[in-house]
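Working notes, beginning with the structure itself.
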Amino acid sequence: MQNLYPGINPHLNSALQSPYGDWVPFHSSTIMRLVDVLEAALPPYYYTVAERSLQLQRIAPDVSLHQVRNRPDIAVYRAALAPTVAVYPAATAMPPTLVLPLDDDVEEEPRVMSVVVYHFGEDSEDIPITRFELLSPGNKPGGGHAKTYLRNRRATIEAGLNLVEIDWLHETPPITNRMPSYPARQPDAYPYSILITDPRPLPTSGMTAVYSFRVSDPVPSLWVPLADDERVLVDFGQAYNNTFERQRVFAMKTHYDQLPARF
207 MQNLYPGINP
217 HLNSALQSPY
227 GDWVPFHSST
237 IMRLVDVLEA
247 ALPPYYYTVA
257 ERSLQLQRIA
267 PDVSLHQVRN
277 RPDIAVYRAA
287 LAPTVAVYPA
297 ATAMPPTLVL
307 PLDDDVEEEP
317 RVMSVVVYHF
327 GEDSEDIPIT
337 RFELLSPGNK
347 PGGGHAKTYL
357 RNRRATIEAG
367 LNLVEIDWLH
377 ETPPITNRMP
387 SYPARQPDAY
397 PYSILITDPR
407 PLPTSGMTAV
417 YSFRVSDPVP
427 SLWVPLADDE
437 RVLVDFGQAY
447 NNTFERQRVF
457 AMKTHYDQLP
467 ARF
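Under my numbering, the first residue of the sequence shown is numbered 207, with each subsequent residue one higher.
Right under this line is the structure:
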């Protein structure tokens, strides 16, 4: 069934966040659809591998893998001896709705899950470069895994990894308390956000770009940093819509005759 909304379907989103909604299958399906999108969009010499959590990987001989040990849903590898020149397609992406410095954010409790970017090389460990976090309810404030996610998020940023955090969960507060809260009905708050953190050159001087949008907005395509100066334009909307349309269970959970909850 086709998604009848231009972006996140609020009926399905409410159902998945209900006590019997079962977020896990949706999370797993979205990860696989995101693998498809990344495979089609990544520069030459990068490729993806589906794992327990979403990652993009790069080999860097001067960085040890012990800095970040948790595994992502997807690993994206870059082949050894890859060219260093990146060519980007002619494309546009939405500007951020908010830009946050990282000086305080490193110590803040996180709210979403992860994806990581790795670079592949010979005779050295593969280490994460960009991490993607697909939010789950347990990792947000009040969730059972919030403290664990906080430690992982802090380790990710302090290790110098780029961090992409995808928050589809409108019923819980945002990732950082420097963002307006949608469930608290604060001014200028949005139900959905994607945060892209680049900690370079140092975690204390990096920035987080926040891309927030409403129920009536399409899910954006955004530039995501990879290794060095490389980046990839990720169509997050395609990944979401493919998840909705390719498995009938999500259409079965979508009841258009009922108002979605807590919007």
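Yeah, the Cβ is synthetic: ideal placement off N, Cα and C, and Gly gets one too.
Item	Value
If we require 3 or more residues per run, which beta strand (DSSP E) segments fall completely within the region 346–417?	368–373 and 398–404
Given that a residue counts as buried once 16 or more other Cβ atoms are within 10 Å of its Cβ, and exposed if not, what is LYS353?	exposed
Just to confirm before moving on: does the CB-CB distance between PRO389 and THR378 stay below 9 Å?	yes
Closer than 8 Å: is that where the CB of ARG337 sits relative to any heavy atom of the ligand SAM?	Of ligands this structure carries none, so the ligand SAM is not represented either.
Could you check the C-alpha separation between LEU240 and ARG391 for me, to the nearest Å?	31 Å
Quick check on this structure: which residue in ILE402, SER342 and TYR396 has the alpha carbon closest to the alpha carbon of VAL370?	ILE402
Who pairs with TRP429 in a beta bridge, going by DSSP?	LEU439
In the region 226–251, which residue ranges form an unbroken alpha helix (DSSP H) of at least 4 residues, counting only runs that do not cross its ends?	229–247
Measure the C-alpha to C-alpha separation of ARG468 and SER418 and round it to an integer number of angstroms.	18 Å
Using CA coordinates, which residue listed in PRO393, GLU339, ASP404 and SER427 is at the minimum distance from ALA206?	For residue 206 there is no data in the structure shown, the boundaries of the chain being 207 and 469.
Under a three-way DSSP split, which group does TYR211 fall into?	coil
Can you tell me the Cβ-Cβ gap for PRO405 and ILE363, rounded? I've got them flagged as a contact below 8 Å.	5 Å
Which same chain residues, not among the five before or five after ALA445, have their C-beta less than 7 Å away from its C-beta?	THR236, ARG239, LEU240 and VAL243
SER342: which of VAL230, TYR398 and PRO409 sits nearest, CA to CA?	VAL230
Looking only at DSSP bridge pairs, what is LEU304 linked to?	VAL416
Give every residue of the same chain whose Cβ lies closer than 6 Å to the Cβ of PHE442, excluding the five residues on either side of it in the sequence, and list them in chain order.	VAL425
Measuring only the C-alpha atoms, how far is SER224 from SER399?	20 Å
Going by alpha carbons, who is nearest to PRO397 out of GLY227, PRO407 and MET385?	MET385
So which of ASN209, PRO216, PRO212 and GLY227 has the shortest CA-CA distance to LEU465?	PRO216
So what does DSSP say about PHE338, is it helix, strand or coil?	strand
In terms of residues, what are the limits of the alpha helix (DSSP H) holding ALA470?	For the chain, the structure presents residues 207 to 469; residue 470 sits outside this window and is missing.
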